[in-house]
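Trainee: Before anything else, here's the structure in question.
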Amino acid sequence: MEFITDYLFTVQTAILIFIVVLMTMSVKFVPQNRAFLVERFGKFQSTKEAGLNFILPFVDRVAADRSLKEQAVDVPEQSAITKDNISLSVDGVLYFRVLDPYKATYGVDNYVFAVTQLAQTTMRSELGKMELDKTFEERDMLNTNIVSAINDAAGPWGIQVLRYEIKDIVPPQSVMEAMEAQMKAERVKRAQILESEGDRQAAINRAEGDKASVVLAAEADKAEQVLRAEGEAKAIVAVAEAQAEALNKVGVAANTEAGQKAIQLDLATKAIEAKQAIAKESSMVLLPDGATDPAAVVAQAMTVINSMNNKGA
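Taken in order, the sequence shown gives residues 1 to 313; the numbers are from the UniProt record's numbering.
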């Protein structure tokens, strides 16, 4: 009885272990952003997505485990010839992800290798359509063209290329030296242009300054002449007014008896002084008749004055 009991216990234990093994083999936990491809008797059966999944033990098997995340693959350095026959060494980075795990497994043997080779050939083809200068200036357009060409070819593989980035474009040493010489010449040219523009602007500024200085000097001279003329005119007017006022006062005073006597005395004095001056200048003086008599001279002057006064009245 004890032997039978031990036997039954062993059988139960084996059955339990077998059941546990079967459950372990039939339960599959698929991680997030991954996909398991299950084959039944060597034929594709289903695609198991993230979460808890069941398969038939000994009948089904996981044939492939595909990541659905975005992947980055380094594209090795390779040689390419541009449109103007310049040999370049180019490398880059390819970013892609698996859209269809079935096509990525059964449509191509190694989709990573296939996409990498396709990126290399496409890059050589696109570089062959461009000149050397354009490869540096239009790198974004080159990346876009490569991505578009790869996506057209990788569609049957269930792969979507998101972007392609060129890391380095290395031309030959001789071309680099020529480009450096060209850039140096361009910098010298820009420096000379800037210097000439500076000299031109400085000359213009000096000319404008001289012009403004001349204009200001002319305006100042004009203003000075105007002020001087106005001052002289005012002085002339003031002198004329003073003379007129003096003559008026003389005329008023001369209209009196005392004024007549004063005029006679003044005229007689001036006549004598005039004769003395003439006598000093010459040893011979010729005078008209009666001019030697001061009284006659005064009488003649008074006659003229009285005649002028009568006309004025």
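For glycine and all other residues, C-beta sits at the position ideal for the given N, C-alpha and C.
Could you work out which residue in A80, E197, S67 and Q182 is closest to Y111 when comparing CA atoms only?
Mentor: Nearest of A80, E197, S67 and Q182 to Y111, Cα basis: S67.
Trainee: Which residues in the same chain as G312 place their Cβ atom closer than 7 Å to its Cβ, once the five residues preceding and following it in sequence are excluded?
Mentor: Summary for G312: the model assigns pLDDT 49, below 50, so the residue's position carries little reliability; its value from the coordinates is reported in the next sentence. Answer for G312: no residue qualifies.
Trainee: So, at 8 Å on beta carbons, what are the nonlocal neighbours of L162 in its own chain, with the 5 sequence-adjacent residues on each side left out?
Mentor: E70, Y95, F96, R97 and V147
Trainee: Counting only runs of 4+ residues fully inside the UniProt domain "Band 7" (25-183), write out the alpha helix (DSSP H) ranges in chain order.
Mentor: 101-106, 111-127, 132-137 and 139-154
Trainee: Using 10 angstroms around the beta-carbon of V226, count the other beta-carbons present and answer buried if the total reaches 16, otherwise exposed.
Mentor: exposed
Trainee: Taking the beta carbon of Q120 as the centre, do at least 16 other beta carbons fall within 10 Å, making it buried, or is it exposed?
Mentor: buried
Trainee: Give me the Cα-Cα distance between T269 and K234, rounded to the nearest whole angstrom.
Mentor: One Cα belongs to T269, the other to K234, and the distance between them is close to 35 Å.
Trainee: Can you check whether the CB of T47 is closer than 8 Å to the CB of L37?
Mentor: yes
Trainee: For T116, which residues from the same chain have a beta carbon less than 7 Å from its beta carbon, with the 5 sequence-adjacent residues on both sides left out?
Mentor: Closer than 7 Å at Cβ, skipping near neighbours: V73, V75 and L94.
Trainee: Looking at C-alpha atoms only, which residue of E241, P172 and S125 is the closest neighbour of L142?
Mentor: S125
Trainee: Return helix, strand or coil for T13, following the three-state DSSP convention.
Mentor: In the structure shown, T13 sits in a helix (DSSP, three-state: H, G or I).
Trainee: Where does D221 land, buried or exposed, given buried means 16+ other C-beta within 10 angstroms?
Mentor: exposed
Trainee: Ignore the nearest five residues each way along the sequence and tell me which others in K129's own chain have a CB closer than 7 Å to its CB.
Mentor: K83
Trainee: Is M23 buried or exposed, if buried means 16 or more other CB atoms sit within 10 Å of its CB?
Mentor: exposed
Trainee: Buried or exposed: G92, going by 16 or more other Cβ atoms within 10 Å of its Cβ?
Mentor: buried
Trainee: Taking the Cβ atom as the reference point for each residue, do E39 and D65 lie within a distance shorter than 8 Å?
Mentor: no
Trainee: Let me confirm a value: I19 is counted as buried when at least 16 other C-beta atoms fall within 10 Å, else exposed. Which label applies?
Mentor: exposed
Trainee: Which of helix, strand or coil does DSSP assign to V20?
Mentor: helix
Trainee: Assign L16 to buried or exposed, taking buried as 16 or more other Cβ atoms, counted over all protein chains shown, within 10 Å of its Cβ.
Mentor: exposed
Trainee: Report buried or exposed for L216, applying the criterion of at least 16 other Cβ atoms within 10 angstroms of its Cβ.
Mentor: exposed
Trainee: If you drop the 5 nearest sequence neighbours on each side, which residues of the same chain put their C-beta closer than 7 Å to that of E49?
Mentor: If we look at E49 and ignore the five residues flanking it on each side, its Cβ neighbours are V30 and A35.
Trainee: Is V59 a contact residue of the ligand FMN, with contact defined as CB to any heavy atom under 7 Å?
Mentor: Questions concerning the ligand FMN fall outside what the structure shown contains, since it holds no ligand whatsoever.
Trainee: Which residues in the same chain as K167 place their Cβ atom closer than 8 Å to its Cβ, once the five residues preceding and following it in sequence are excluded?
Mentor: D91, G92 and V93
Trainee: Can you give me the Cβ contacts of T10 inside the same chain, cut-off strictly under 8 Å, excluding the 5 residues immediately before and after it?
Mentor: none
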